[in-house]
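Trainee:
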Amino acid sequence: AQSVSQHNHHVILSEAASLELGCNYSYGGTVNLFWYVQYPGQHLQLLLKYFSGDPLVKGIKGFEAEFIKSKFSFNLRKPSVQWSDTAEYFCAVWAGNNRKLIWGLGTSLAVNP
Amino acid sequence: NAGVTQTPKFRVLKTGQSMTLLCAQDMNHEYMYWYRQDPGMGLRLIHYSVGEGTTAKGEVPDGYNVSRLKKQNFLLGLESAAPSQTSVYFCASSYGTSRPEQYFGPGTRLTVT
Numbered sequence: 010a011q012s013v014s015q016h017n018h019h020v021i022l023s024e025a026a027s028l029e030l031g032c033n034y035s036y037g038g039t040v041n042l043f044w045y046v047q048y049p050g051q052h053l054q055l056l057l058k059y060f061s062g063d064p065l066v067k068g069i070k071g072f073e074a075e076f077i078k079s080k081f082s083f084n085l086r087k088p089s090v091q092w093s094d095t096a097e098y099f100c101a102v103w104a105g106n107n108r109k110l111i112w113g114l115g116t117s118l119a120v121n122p
Numbered sequence: 005n006a007g008v009t010q011t012p013k014f015r016v017l018k019t020g021q022s023m024t025l026l027c028a029q030d031m032n033h034e035y036m037y038w039y040r041q042d043p044g045m046g047l048r049l050i051h052y053s054v055g056e057g058t059t060a061k062g063e064v065p066d067g068y069n070v071s072r073l074k075k076q077n078f079l080l081g082l083e084s085a086a087p088s089q090t091s092v093y094f095c096a097s098s099y100g101t102s103r104p105e106q107y108f109g110p111g112t113r114l115t116v117t
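Residue numbers (this note's numbering), protein chains in the order written: chain F, 10 to 122; chain A, 5 to 117.
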């Protein structure tokens, strides 16, 4: 069965630290990949997406993610986090003929000022 | 352009009561989804629809029913509410297979006592 794994459940960083959140998926075919962000008390918003082409994709608010097909990974990165990046981050995969996204369990990021 | 809207925003039910949550989207999206979000469990798909008049079960459909009589609306019903259905419910929509990124509504916080 297809699945998405987010390795870090809780991450605590200080402002200006660099961020990398891991996401791995299990599916051997073509995939579309997504990162969503959920700020406290809010709904999920699309952060960035990968469909094809350049495996390094840039999203909003200085986030980027790299698709590494050989590792089935789509890790999220930001060079310097801010307090306002405190949120929950979800990785999701659209694969095959599922007609639905497969979601990771999320990573809670807390950034200390 | 309101995007995805949900009503109500908050609701408290007693065990055994029924209610309907309404999701509406004005983006002409084909696909619509209902999720529930509980602490530590990520997003779990309840039901989804790939077009007007169609519905399908997700991973946690028991105790819920849905209807998609109009393309822009997706209703989620609880026939006999149980405390285990206390959760935050999110509706999402997307164009479909060619553009699978989902757009979320603001959520409904439901408490069943």
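No residue lacks a Cβ here, since even glycine has one placed at the ideal position from N, Cα and C.
For K13 of chain A, collect the residues of the same chain with a Cβ closer than 8 angstroms to its Cβ; drop the 5 residues on either side in sequence, then sort them by chain order.
Mentor: Taking the first residue of the second sequence as 1, we reach residue 13 of chain A at position 9. So the qualifying residues of the chain are P110, G111, T112 and R113.
Trainee: Taking E2 of chain A as the query, report the chain F residues whose CB atoms sit under 7 angstroms from its CB, ordered along the chain.
Mentor: Past the edges of chain A, shown from 5 to 117, lies residue 2 of chain A, and the structure says nothing about it.
Trainee: Between the C-alpha atoms of Q21 of chain A and G7 of chain A, what's the straight-line distance to the nearest angstrom?
Mentor: Start at 1 with the first residue of the second sequence, and residue 21 of chain A comes out as number 17. Start at 1 with the first residue of the second sequence, and residue 7 of chain A comes out as number 3. Each residue's alpha carbon lies about 30 angstroms from the other.
Trainee: By alpha-carbon positions, which one of A:N77, A:T24 and A:S88 ends up nearest to Q41 of chain A?
Mentor: Translated into positions along the second sequence, residue 41 of chain A becomes position 37. Q41 of chain A has its Cα closest to that of A:S88, out of A:N77, A:T24 and A:S88.
Trainee: Under 7 angstroms Cβ-Cβ, which residues of chain A neighbour F83 of chain F?
Mentor: What you label residue 83 of chain F is simply residue 74 of the first sequence in a count that begins at 1. Result: empty, since nearest Cβ-Cβ is about 14 angstroms, beyond 7 angstroms.
Trainee: Against chain A, does K109 of chain F count as a neighbour if the rule is that its beta carbon must be under 8 angstroms from one of theirs?
Mentor: Position 100 of the first sequence, counted from the start, is the residue given in the question as residue 109 of chain F. By this cut-off, K109 of chain F is an interface position.
Trainee: May I have a chain-ordered list of the beta strand (DSSP E) segments no shorter than 3 residues that lie completely inside the segment 60 to 90 of chain A?
Mentor: Qualifying beta strand (DSSP E) stretches, in chain order: 68 to 71 and 77 to 82.
Trainee: Does K4 of chain F come out as helix, strand or coil in the three-state DSSP assignment?
Mentor: Since the first residue of chain F shown is 10 and the last is 122, residue 4 of chain F is not available in this structure.
Trainee: Going along the chain, which residues of its own chain have a beta-carbon closer than 6 angstroms to the beta-carbon of V66 of chain F, five neighbours each way excluded?
Mentor: Within the first sequence, the letter at position 57 stands for residue 66 of chain F. Excluding positions up to five away in sequence, the list reads L57, Y59 and A74.
Trainee: Using a Cβ-Cβ cut-off of 8 angstroms, state whether K52 of chain F counts as contacting chain A.
Mentor: As a working mapping, residue 52 of chain F is identified with position 43 in the first sequence. A quick correction: the sequence has His, not Lys, at residue 52 of chain F. At least one chain A Cβ lies under 8 angstroms of H52 of chain F.
Trainee: Determine, using beta carbons only, whether S93 of chain F and A25 of chain F come nearer to each other than 8 angstroms.
Mentor: In the first sequence, the residue the question calls residue 93 of chain F occupies position 84. In the first sequence, the residue the question calls residue 25 of chain F occupies position 16. Taking 8 angstroms as the Cβ cut-off, S93 of chain F and A25 of chain F do not qualify as a contacting pair.
Trainee: Find the nearest neighbour of F99 of chain F within the set F:N106, F:G113, F:K87 and F:G105, judged by alpha-carbon distance.
Mentor: The sequence position of residue 99 of chain F within the first sequence is 90, counting from 1. Answer by Cα proximity: F:G113.
Trainee: Indicate the three-state DSSP secondary structure (helix, strand or coil) for K80 of chain F in the structure shown.
Mentor: Locating residue 80 of chain F in the first sequence gives position 71, counting from the first residue. Of the three classes helix, strand and coil, the one that applies to K80 of chain F here is helix, per DSSP.
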